[in-house]
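Everything on this sheet refers to the single structure shown next.
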Amino acid sequence: MRLSTAVVLGALLLSAGDATGQVPFPVTPNWISTDADYSTGAALVDLNNDGWLDFVVANGNDIERQHLVVYYNKRDGTFPTIPDWQSDDVDYHGHLAAADINGDGFTDIAVSIYIGAGGFAEKGYVKLYMNESGTLESYPSWRSLDSLYTFSCDFGDANGDGAPDLAVACGEAYNYRAEQNRIYLNRAGRLESLPSWKSSQAGYSYDVGWADFDNDGLLDLVFANERRPNTMFKNYGDSLGTIPIWQSGDPSQFANSLALGDLNNDGYIDLGISDNKQLGGTGHFKVYRNNGGTLNDTPFWSASFSGQESGMTLVDITNDGWRDVIGGGWWEPCRAFPNVNGKFGQLPSWVSSTESVVEAIVAGDVDNRGLDTVRVTYTGNGLRKLYTIPRSPIQQLISVKVGQETLTAAAYCSSFENGWISLAATPGPGDTLSLTVVASRSLDLAVTNWDPGVGNYLFMNNNGVTAVAGREAHPYGFKLLQNYPNPFNSETAIAYRVPDQQQQAPGQGKTRLMIFDLAGREVATLVNRQEPPGEYTVHFDASNLPSGVYFYRLHAAGKVMAKRMILMK
836 MRLSTAVVLG ALLLSAGDAT GQVPFPVTPN WISTDADYST GAALVDLNND
886 GWLDFVVANG NDIERQHLVV YYNKRDGTFP TIPDWQSDDV DYHGHLAAAD
936 INGDGFTDIA VSIYIGAGGF AEKGYVKLYM NESGTLESYP SWRSLDSLYT
986 FSCDFGDANG DGAPDLAVAC GEAYNYRAEQ NRIYLNRAGR LESLPSWKSS
1036 QAGYSYDVGW ADFDNDGLLD LVFANERRPN TMFKNYGDSL GTIPIWQSGD
1086 PSQFANSLAL GDLNNDGYID LGISDNKQLG GTGHFKVYRN NGGTLNDTPF
1136 WSASFSGQES GMTLVDITND GWRDVIGGGW WEPCRAFPNV NGKFGQLPSW
1186 VSSTESVVEA IVAGDVDNRG LDTVRVTYTG NGLRKLYTIP RSPIQQLISV
1236 KVGQETLTAA AYCSSFENGW ISLAATPGPG DTLSLTVVAS RSLDLAVTNW
1286 DPGVGNYLFM NNNGVTAVAG REAHPYGFKL LQNYPNPFNS ETAIAYRVPD
1336 QQQQAPGQGK TRLMIFDLAG REVATLVNRQ EPPGEYTVHF DASNLPSGVY
1386 FYRLHAAGKV MAKRMILMK
């Protein structure tokens, strides 16, 4: 079997009883910081590997040179109201990005410096703080040698070597200072000082993200732009195109932020954009749909509200298997638009009581209340290195195995926020890649804003999920979920649950997952092994089978369940 393309399977990993469909946040934040900074960039990431998410914030914007700070999780789901750590240097910090640069198992932080120390007349740069066993270095040990106006950056694997490279969104729209976007490659655990890639044209990009838009196993690069169309650059494997292969076609484009996620559960990543009308335009949250690997050039959805929109994220806050749209704006509240089977209302279902200058919104399970252990397997074909992780954002990547070999952190890079992993070595034909990750059914929202009189804040998820004392303690029941997508063209995925010990019959034996044709002939065995309780996803490649109706049958814990799927080529 050749390698199956992974698809986002949030809906498959939830039973009908798990879904709430209601926005699970109070209108007033549960936590507010008291430090008076112009906060901009943000990440929820476990810096010290203690199993709890910390809150990393970059301060300054274009207003005052300030510090990078960290609010460490108190290991009970709460943060201090003032940072535990701050950098010794100050800058006009924009947005930040998180990745393990040198493969030591600790997450490092890169930050865009929007403007130089002299203000708008001086270009900024991009810099990197290495993580020294749980604490970021006081001064960044790397910075770009070239100067540039940059407000945002993001890590991805540009050249498929399993190491995170840094893409930088460049340009300053207020004074019409256009810049070329660029990528700094990772060379043996250290970023190069000058970029190896630049876009062919200069412009005003304010956000950047990596995603495999066409599911070809390569990360493409998308930019949110002011005064210009939004653009996407295709990854060809040996190089990234310098001329955009896609650009948005709707008028009045003044983008502030972007967000990535599969909103209609068809296995393809859609693009969310927040337009900010400070300099012009209409100022809407909007989403460009991905049709089988090609982004539409006009939005399929936009919110009716018009303003100075900013931070945006696409995550499943309602715990129903569909990613919702959450956004904020300058001098505006935060708003949530629940996803109902791939569709959205133009008016929000939740509006916060806050009216601050929102800059970033990031999601994660701060109090570890809804954590699940999820296991995903793929079968290699000797070509693909990039795989999608279901249930993103994830909290932790516990293990990565090819066959029986457990890979070290230096053998891959990953995005916890956008749910992908890229390997340094290609699994051979028939090799099994196994991922064990921790994901959550109870995502909280952390928000930065650059109104120093308000502070940053946190909305805690109150969806009723009960905290458990261990990641395997969730009461898994026997479950076989509908394959996804269905009908499918050659590739699909099947998710199931092996029940906990209290629900297992004596002598349960192996878990077996088999595929049968309409005549009852077995055509494939996907699983035949002893498995502990938990959630599993198996990817099935049917490229060697004719179109038609097939059945898949699960034997686990002394029980049997079967479902039908349709292959349409």
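Under the numbering used here, residues 836 to 1404 are what the sequence shown spells out, in order. Glycine residues also receive a C-beta, built at the ideal position from the N, C-alpha and C atoms.
G1128 and T1346 have their alpha carbons spaced roughly 34 Å apart. Within the same chain, I948, R978, S979, S982, L983 come within 7 Å of Y960 by CB-CB distance, once the 5 residues on both sides are set aside. Using a Cβ distance threshold of 8 Å, S1382 and M1400 do not count as a contacting pair. Taking 8 Å as the cut-off, the Cβ atoms of M1147 and A1198 do not count as close. Each residue's CA atom was taken as its position, placing M1067 and G1044 some 9 Å apart. Bridge partners of S874 according to DSSP: N894. Out of D1073, S1074, T1117, the CA that lies nearest to the CA of N1091 is found in T1117.
Excluding five sequence positions before and after F990, the CB atoms of its chain that fall closer than 8 Å to its own CB belong to A932, A933, A934, A945, P999, D1000, L1001, A1002, W1045, C1248, S1250, given in chain order. Of the candidates Y1222, M1295, N1297, Y1222 places its Cα closest to the Cα of T1261. For S987, the uninterrupted beta strand (DSSP E) run begins and ends at 985-991, by DSSP. Contact between G1263 and G1215 holds, since their C-beta atoms are separated by about 6 Å, short of 8 Å. Here I917 is exposed: its Cβ has fewer than 16 other Cβ atoms, across all protein chains shown, within 10 Å. In the displayed model, A1198 falls within a strand according to three-state DSSP. For the pair M1295 and N865, the CB atoms are nearer than the 8 Å cut-off.
Looking at the DSSP output, A1397 shares a beta bridge with R1388.
With 16 or more other Cβ atoms inside 10 Å of its own Cβ, G1006 counts as buried. The C-beta separation of N1174 from W1157 comes to about 4 Å, placing the pair in contact by the 8 Å criterion. In the three-state scheme derived from DSSP, where H, G and I count as helix and E and B as strand, A1246 is classed as helix.
C-alpha of Y1039 to C-alpha of Q1317: approximately 44 Å in a straight line. Assignment of V1358 by DSSP, reduced to helix, strand and coil, places it in the strand class. Bridge partners of M1067 according to DSSP: V1057, W1081. A distance of 8 Å or more separates the beta carbons of N896 and H902.
Taking 8 Å as the cut-off, the Cβ atoms of W1032 and R1012 do not count as close. A straight-line Cα-Cα distance of about 15 Å links S1028 and C988. In the three-state scheme derived from DSSP, where H, G and I count as helix and E and B as strand, H1119 is classed as coil.
V1384 is classed as exposed because its beta carbon has fewer than 16 other beta carbons within 10 Å across all chains shown.
Between the alpha carbons of S1227 and A1274 lies a distance of about 7 Å.
The three-state reading of DSSP puts T1133 in coil, since its state is none of H, G, I, E or B. Membership of F955 in the beta strand (DSSP E) is indicated by the continuous run 954-964.
Here DSSP, grouped into helix, strand and coil, assigns T1153 to coil. Assigned with DSSP and collapsed to three states, L1182 falls in coil, not helix or strand. If you check the CB distance, G1288 and A871 come in under 8 Å. Between A1392 and S1325 a beta carbon distance of about 31 Å is seen, past the 8 Å cut, so the two are scored as non-contacting. Between D1159 and F1140, the gap from beta carbon to beta carbon reaches 8 Å or more.
For the 8 Å CB-CB criterion, V905 and D885 do not form a contact. Its chain contains K1345 as the residues whose beta carbon lies nearer than 6 Å to that of Q1365, once the 5 sequence neighbours on both sides are disregarded; these appear in chain order.
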